[in-house]
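Asks: Residue numbers (the numbering used here): 371 to 655. Below are the structure tokens for one structure; questions will follow.
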């Protein structure tokens with residue numbers, strides 16, 4: 371048997387890409403690379419936006435905004451392509467799980483471990499500057515209010531509805547699963563809108579911006595990073611909802627629902643910690 375025949379015999383179905391890249395690495399794909407480039411570009415765009423602020427701006431605001439918007443689009447396209455080719459198309463062609471549920475859950479745990487490190491680095495920075503003399507001289511605005519309280523309640527409720535949505539699916543209640551999943555997704559979108567409105571109030575009406583000092587950089591850096599993760603979580607829940615709508619889940623088949631739920635509960639816990647540290651604890655001596 372020739373090498374090409376062996377390759378065709380061992381890789382009759384190419385996932386997650388239609389063609390392997392680079393050749394010889396099995397089911398390697400462009401999609402994770404595209405997603406990583408988009409994710410990295412978001413940070414670059416945010417940095418350019420910061421450099422475009424102030425009287426002595428180093429770059430144009432248009433450049434920073436363009437890089438940020440383009441990177442977000444690339445990131446979402448990468449996530450969509452990655453998930454679609456790895457799971458959705460595989461379902462229609464095979465009809466059974468191609469990936470082990472235990473493997474995918476373990477992969478999500480590893481990913482969440484990297485997320486703990488990411489947020490942990492931000493909190494380490496915050497607590498480091500919190501104990502310096504610079505902090506004592508800084509003008510810390512009053513950020514706690516009814517809006518953040520309502521937003522927090524909304525996000526906590528979304529975790530509850532997501533949990534019972536998953537429970538309904540495992541009990542074979544497809545209708546209940548879809549209704550509660552739709553409610554969860556709606557609550558997530560409302561939370562994102564609430565955070566955008568909060569930024570608008572702070573920047574336009576209170577003059578509190580990311581360039582407003584040591585607290586401003588920490589506040590917008592950490593809450594913005596969290597907002598990005600909630601947005602990505604909403605995209606994942608949207609994909610889960612569509613897959614559920616098309617009947618791709620059952621009481622025995624719900625691994626991606628479990629992994630998406632793990633991610634959403636994680637960002638909820640991080641938000642509660644953010645509220646305690648950044649909102650409530652900011653003005654405490």
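Ideal placement from N, C-alpha and C gives every residue a C-beta, glycine not left out.
At the level of alpha carbons, what is the spacing between residue 420 and residue 537?
Replies: So the alpha carbons of these two residues sit roughly 44 angstroms apart.
Asks: Going by C-alpha distance, which of 475, 411, 531, 416 is nearest residue 594?
Replies: Per the Cα distances, 416.
Asks: Would residue 575 and residue 637 qualify as a contact pair, given that the criterion is a beta-carbon distance under 8 angstroms?
Replies: Contact flag unset, no.
Asks: The alpha helix (DSSP H) with residue 400 in it runs from where to where?
Replies: Counting along the chain, residue 400 falls outside any alpha helix (DSSP H), and DSSP gives it neither H nor E.
Asks: In or out: residue 639 buried (at least 16 other Cβ within 10 Å) or exposed?
Replies: Residue 639 is exposed by the Cβ-count criterion.
Asks: Can you tell me where the alpha helix (DSSP H) with residue 613 in it begins and where it stops?
Replies: Run containing residue 613: 584-615, per the alpha helix (DSSP H) assignment.
Asks: For residue 601, which option in 409, 404, 400, 431 has the closest C-alpha, if you only look at C-alpha atoms?
Replies: Comparing Cα positions, the closest option is 409.
Asks: Please return the same chain residues whose Cβ sits closer than 7 angstroms to the Cβ of residue 645, not counting the five positions on each side in sequence.
Replies: So the qualifying residues of the chain are 518, 522.
Asks: In chain order, what residues of the same chain have a beta carbon less than 7 angstroms from the beta carbon of residue 650, not counting five sequence neighbours either side?
Replies: Contacts found: 514.
Asks: So which of 642, 647, 625, 612 has the shortest CA-CA distance to residue 476?
Replies: Comparing Cα positions, the closest option is 625.
Asks: Here's the rule I'm using: 16 or more other beta-carbon atoms within 10 Å means buried, otherwise exposed. How should residue 427 be labelled?
Replies: Exposed, since its Cβ has fewer than 16 Cβ neighbours within 10 Å.
Asks: Taking 7 angstroms as the cut-off, does the CB of residue 621 come closer than this to any heavy atom belonging to the ligand GDP?
Replies: The ligand content of the structure shown is nil, which means the ligand GDP is not present either.
Asks: State whether the segment 484-496 contacts the segment 559-579, with contact taken as three or more CB pairs (one from each stretch) at a distance under 8 angstroms.
Replies: The answer is no - the segment 559-579 does not touch the segment 484-496, with fewer than three Cβ pairs under 8 angstroms.
Asks: Quick check on the DSSP output: the alpha helix (DSSP H) that includes residue 561 runs from which residue to which?
Replies: Taken as a continuous stretch (DSSP letters only), the alpha helix (DSSP H) holding residue 561 covers 544-570.
Asks: Could you work out which residue in 632, 555, 438, 553 is closest to residue 479 when comparing CA atoms only?
Replies: Ranking the options by Cα distance to residue 479, first place goes to 632.
Asks: Would DSSP call residue 485 helix, strand or coil?
Replies: Looking at residue 485 - three-state DSSP - the assignment turns out to be helix.
Asks: Is residue 598 near residue 412, with beta carbons less than 8 angstroms apart?
Replies: Taking 8 angstroms as the Cβ cut-off, residue 598 and residue 412 qualify as a contacting pair.
Asks: Who are the near neighbours of residue 590 in its chain, counting only those whose CB is closer than 6 angstroms to its CB and skipping five residues on each side?
Replies: Taken in chain order, the residues that qualify are 580.
Asks: What are the start and end residues of the alpha helix (DSSP H) that includes residue 573?
Replies: Neither: residue 573 is in no alpha helix (DSSP H) and is coded neither H nor E.
Asks: Does the Cβ-Cβ distance between residue 588 and residue 607 come in under 8 angstroms?
Replies: No, the Cβ-Cβ distance between residue 588 and residue 607 is not below 8 angstroms.
Asks: Determine, using beta carbons only, whether residue 449 and residue 610 come nearer to each other than 8 angstroms.
Replies: No, Cβ-Cβ distance for residue 449 and residue 610 is not below 8 angstroms.
Asks: Can you tell which of 528, 436, 447 has its C-alpha closest to the C-alpha of residue 549?
Replies: The shortest Cα separation from residue 549 among 528, 436, 447 belongs to 528.
Asks: Quick check: the Cα distance between residue 436 and residue 430, rounded to an integer number of angstroms?
Replies: Residue 436 and residue 430: Cα-Cα distance of roughly 10 angstroms.
Asks: Helix, strand or coil for residue 631? Go by DSSP, reduced to three states.
Replies: DSSP places residue 631 in helix when its eight states are reduced to three.
Asks: Quick one: grab the DSSP three-state call for residue 496.
Replies: Three-state result, residue 496: helix.
Asks: Is residue 642 buried or exposed, if buried means 16 or more other CB atoms sit within 10 Å of its CB?
Replies: By the neighbour-count rule (16 or more Cβ atoms within 10 Å), residue 642 is not buried but exposed.
Asks: Start and end of the alpha helix (DSSP H) containing residue 525?
Replies: Residues 516-540.
Asks: Given residue 525, which residues of its chain have a CB within under 7 angstroms of its CB, disregarding the five upstream and five downstream residues?
Replies: Correct list, in chain order: 561, 638, 641.
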